[in-house]
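For what it's worth, UniProt numbering labels the leading residue of the sequence shown as 1, then goes sequentially. A short write-up of the structure that comes next.
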Amino acid sequence: MYIWQQPNWPHFFWDETALRPQLDTVRLLQGRLLGRTELAPKQADLDVEMDALVQNAIRTSEIEGEHLDVGSVRSSVARQLGLERAGMAERGTPESDSLVTLLLEATHEPDKPLTSQQLCHWQARLFPEGPGLLTKIRVGDWRGNQPMQVVSGRIDRPKVHFEAPPREGLEAQVNDFLAWFNAPPAGLDSLLRAGIAHLWLITLHPFDDGNGRTTRAVTDRALAQAERQSIRFYSLSAAIMARRNAYYEQLEQAQSGDLDITPWLVWFLGTLEEALQQALLRVERVLAKTLFWQRHATTVFNRRQIKVLNRLLDTAGKEFEHGINARKYQSLTKVSKATATRDLAELLENGCIDKLPGGGRSTRYTVRFDNNDKDMS
1 MYIWQQPNWP
11 HFFWDETALR
21 PQLDTVRLLQ
31 GRLLGRTELA
41 PKQADLDVEM
51 DALVQNAIRT
61 SEIEGEHLDV
71 GSVRSSVARQ
81 LGLERAGMAE
91 RGTPESDSLV
101 TLLLEATHEP
111 DKPLTSQQLC
121 HWQARLFPEG
131 PGLLTKIRVG
141 DWRGNQPMQV
151 VSGRIDRPKV
161 HFEAPPREGL
171 EAQVNDFLAW
181 FNAPPAGLDS
191 LLRAGIAHLW
201 LITLHPFDDG
211 NGRTTRAVTD
221 RALAQAERQS
231 IRFYSLSAAI
241 MARRNAYYEQ
251 LEQAQSGDLD
261 ITPWLVWFLG
271 TLEEALQQAL
281 LRVERVLAKT
291 LFWQRHATTV
301 FNRRQIKVLN
311 RLLDTAGKEF
321 EHGINARKYQ
331 SLTKVSKATA
341 TRDLAELLEN
351 GCIDKLPGGG
361 RSTRYTVRFD
371 NNDKDMS
């Protein structure tokens, strides 16, 4: 029996006492994140928002197995936030422009009532050039009459993970959801409301395609309402992508269970906590970068050095975990070894980088922060 077949669907219940410690932790992190961004210079604040929006656009698509070009997404975000910069080579694509617009619409007017027309409009934004020649999905409209199933495995031996409610009565069920979303019960915790909204809408699965991305946009709106903050400094989708397999497992368990959704809410709040922790790290990185460039405002750099320094300051992964050497510098800037060595020597002399212990034939370097920068990083 699926959850929507339960006699009292959709009257969910949960153990709020068990969830209280997580709720307290998430609210503490929300306060810390807002406090850090309030202290940031205006440009750094915009950079943090841009970084979170880029993450959100890329990861919400990756969850569904779609991979957007990072440069195109960054260009779309920069343009729509009014942060276009000279020399930005990449241009936004129709897909990246439309998705970024959707994400901004979801959060920049959080108090606007959510309507069925808005949901269909958002779903249509995921397909700016239509459904394509090889698919028959409905764009900007509810799904068709055929059963809506989530399946995996071989075509001749599919595994059905979930089947959505039948098409008949779908509009009424969506309207019930929207009435609840726009006028939630008194006393309902706003963070729990976001988790409930996510599970409820994804279970209705109202569209032929785009249900996950539309649901995550609705969840972002619920979180913006919970925080009374339209500017997003963190990406829930990035945290979900990091736990993608668990995400689908948790959904399947919740959708195949009874109306006690405490386990789902435990997972949702844990993922939200992770999103906030990662955002704090990104904020510290952006602030450290801002202070670095302020400290070197009068230092003369060539374009190659600026490019490499930005890569070193921006990286959050393992690309430069062990620093940068002349060979990597060559690869990034397409110059000779002699030029790379000379550029690195100038950066070292100007106090921009430090030599890492070791040396030898492959000397490695890392960005140098002063004490104030280190407090941020």
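Think of the CB as a built atom: it goes at the ideal place given N, C-alpha and C, for glycine as much as any other residue.
CB-CB under 8 Å to Thr17, same chain, minus the five flanking residues each way: which ones, in chain order? Your numbering for residue 17 matches position 17 in the sequence shown. Correct list: empty, nothing qualifies.
Verify whether the separation of the beta carbon atoms of Gln6 and Leu259 is less than 8 Å. Along the sequence shown, read from residue 1 onward, the residue named residue 6 stands at position 6. Along the sequence shown, read from residue 1 onward, the residue named residue 259 stands at position 259. Result yes, Cβ atoms of Gln6 and Leu259 sit closer than 8 Å.
Alpha carbon to alpha carbon, what distance is there between Val70 and Pro113? Residue numbering aside, residue 113 sits at position 113 when the sequence shown is read from its first letter. Residue numbering aside, residue 70 sits at position 70 when the sequence shown is read from its first letter. One C-alpha to the other measures close to 32 Å.
Host beta strand (DSSP E) of residue 380 (start-end): Nothing about residue 380 can be reported from this structure: the residues present for the chain run from 1 to 377 only.
For His205, which residues from the same chain have a beta carbon less than 6 Å from its beta carbon, with the 5 sequence-adjacent residues on both sides left out? Against the sequence shown, residue 205 aligns to sequence position 205. The answer, listed in chain order, is Met148, Ala164 and Asn211.
Does the CB of Ser98 have a neighbour CB from chain D at under 8 Å? In summary, chain D is missing from the structure at hand, where a single protein chain is found.
Could you please give the first and the last residue of the uninterrupted alpha helix (DSSP H) stretch that includes Asp220? Translated into positions along the sequence shown, residue 220 becomes position 220. Run containing Asp220: Asn211 to Glu227, per the alpha helix (DSSP H) assignment.
Sort Ala197, Trp4 and Tyr365 by Cα distance to Ala340 and report the nearest one. Start at 1 with the first residue of the sequence shown, and residue 340 comes out as number 340. The candidate whose alpha carbon is nearest that of Ala340 is Tyr365.
Using the C-alpha atoms, what's the distance from Gly130 back to Arg221? Translated into positions along the sequence shown, residue 221 becomes position 221. Translated into positions along the sequence shown, residue 130 becomes position 130. In a straight line, the C-alpha of Arg221 is about 25 Å away from that of Gly130.
4-residue-minimum alpha helix (DSSP H) runs that sit fully inside the stretch 44-93, ordered along the chain: 70-80
Contact between the stretch 48-62 and the stretch 94-102: three or more CB pairs below 8 Å? yes
Please say whether Ala275 and Ala224 have beta carbons closer to each other than 8 Å? As a position in the sequence shown, residue 224 is number 224, starting the count at 1. As a position in the sequence shown, residue 275 is number 275, starting the count at 1. Cβ distance not < 8 Å, so Ala224 and Ala275 don't count as in contact.
When you compare only the Cα positions, how much space is there between Ala279 and Asp156? Taking the sequence shown and counting its residues from 1, the one referred to as residue 279 is at position 279. Taking the sequence shown and counting its residues from 1, the one referred to as residue 156 is at position 156. Computed Cα separation, rounded: 43 Å.
Scan the stretch 330-366 and note each continuous beta strand (DSSP E) run of 3 residues or more that stays entirely inside, going in chain order. 353-355
Quick one: what does DSSP say Glu163 is sitting in, helix, strand or coil? Locating residue 163 in the sequence shown gives position 163, counting from the first residue. Three-state result, Glu163: strand.
Measuring CA to CA, which of Ala179, Ala288 and Asp189 is closest to Leu201? In the sequence shown, counting from the first residue as 1, residue 201 sits at position 201. That would be Ala179, whose Cα lies nearest to the Cα of Leu201.
Gln278: first and last residue of the uninterrupted alpha helix (DSSP H) it sits in: The count along the sequence shown starts at 1 and reaches residue 278 at position 278. Here the alpha helix (DSSP H) through Gln278 covers Thr262 to Arg295.
Limits of the beta strand (DSSP E) - the one that Gln149 falls within: In the sequence shown, counting from the first residue as 1, residue 149 sits at position 149. Gln149 to Arg154 is the extent of the beta strand (DSSP E) around Gln149.
Locate the alpha helix (DSSP H) running through Gln255, then write down its first and last residues. Taking the sequence shown and counting its residues from 1, the one referred to as residue 255 is at position 255. It spans Arg244 to Gln255 - the alpha helix (DSSP H) in which Gln255 sits, taken as one unbroken run.
How many Å lie between Asp375 and Arg304 at the Cα? The count along the sequence shown starts at 1 and reaches residue 375 at position 375. The count along the sequence shown starts at 1 and reaches residue 304 at position 304. Only weak support exists for where Asp375 lies, its pLDDT of 44 falling under 50; the coordinates are left without a value.
Quick check: the Cα distance between Ala172 and Ile3, rounded to an integer number of angstroms? The residue labelled residue 172 in the question sits at position 172 within the sequence shown. The residue labelled residue 3 in the question sits at position 3 within the sequence shown. Distance between the alpha carbons of Ala172 and Ile3 is about 17 Å.
Would a C-beta distance cut-off of 8 Å place Gln74 and Val48 closer than the cut-off? As a working note, residue 74 is residue 74 in the sequence shown. As a working note, residue 48 is residue 48 in the sequence shown. A quick correction: the sequence has Arg, not Gln, at residue 74. No.
Return the bridge partner residues of Ile324 from the DSSP annotation. For this step, residue 324 is matched to residue 324 along the sequence shown. Looking at the DSSP assignment, Ile324 forms a beta bridge with Tyr365.
Quick check: the Cα distance between Arg138 and Leu103, rounded to an integer number of angstroms? Looking up residue 138 in the sequence shown gives position 138. Looking up residue 103 in the sequence shown gives position 103. Approximately 21 Å between the Cα atoms of the pair.
Work out the CA separation of Phe369 and residue 394 for me, nearest whole Å. The requested residue 394 is not part of the displayed model; the chain covers only 1 to 377.
Residue 380 - containing alpha helix (DSSP H), residue span: It is not possible to answer for residue 380, since the shown part of the chain is limited to 1 through 377.
Element boundaries [alpha helix (DSSP H), containing Gly140]: Taking the first residue of the sequence shown as 1, we reach residue 140 at position 140. Taken as a continuous stretch (DSSP letters only), Gly140 belongs to no alpha helix (DSSP H), as it is neither H nor E.
Considering only residues of the same chain and omitting the five flanking positions on each side of Val151, which have a CB-CB separation below 7 Å? As a position in the sequence shown, residue 151 is number 151, starting the count at 1. Counting only Cβ-Cβ distances below 7 Å, and skipping sequence neighbours, we find Pro158, Lys159, Val160 and His161.
What did DSSP end up calling Arg157 once you bin it into helix, strand or coil? What you label residue 157 is simply residue 157 of the sequence shown in a count that begins at 1. Correct three-state label for Arg157: strand.
What residue from Glu346, Gln123, Pro185 and Asn325 has the CA that sits closest to Asn302's CA? Taking the first residue of the sequence shown as position 1, residue 302 is located at position 302. The shortest Cα separation from Asn302 among Glu346, Gln123, Pro185 and Asn325 belongs to Glu346.
Give me the residue from Glu168, Pro10 and Asn245 with the minimum Cα distance to Glu64. The residue given as residue 64 occupies position 64 in the sequence shown. With distances taken between Cα atoms, Glu64 lies closest to Asn245.
Kindly list the residues whose CB is nearer than 7 Å to the CB of Gln80, restricted to its own chain and excluding five residues on each side of it in sequence; keep chain order. By one-based count along the sequence shown, residue 80 stands at place 80. Within the same chain, Gln80 has close Cβ partners Val100, Thr101 and Leu104.
Taking a contact to mean a Cβ-Cβ separation below 8 Å, would you say Ser52 touches Tyr329 in this structure? Position 52 of the sequence shown, counting from 1, holds the residue named residue 52. Position 329 of the sequence shown, counting from 1, holds the residue named residue 329. Reading off the sequence, residue 52 comes out as Ala, not Ser. No. Outside cutoff.
Buried or exposed, going by whether 16 or more other CB atoms sit within 10 Å of the CB of Arg20? By 1-based counting over the sequence shown, the position of residue 20 is 20. The residue is exposed, with fewer than 16 neighbouring Cβ atoms inside 10 Å.
Looking at C-alpha atoms only, which residue of Asp141, Lys334, Pro41 and Ala186 is the closest neighbour of Val174? As a first step, residue 174 must be located in the sequence shown, where it is residue number 174. Among Asp141, Lys334, Pro41 and Ala186, the Cα nearest to that of Val174 belongs to Asp141.
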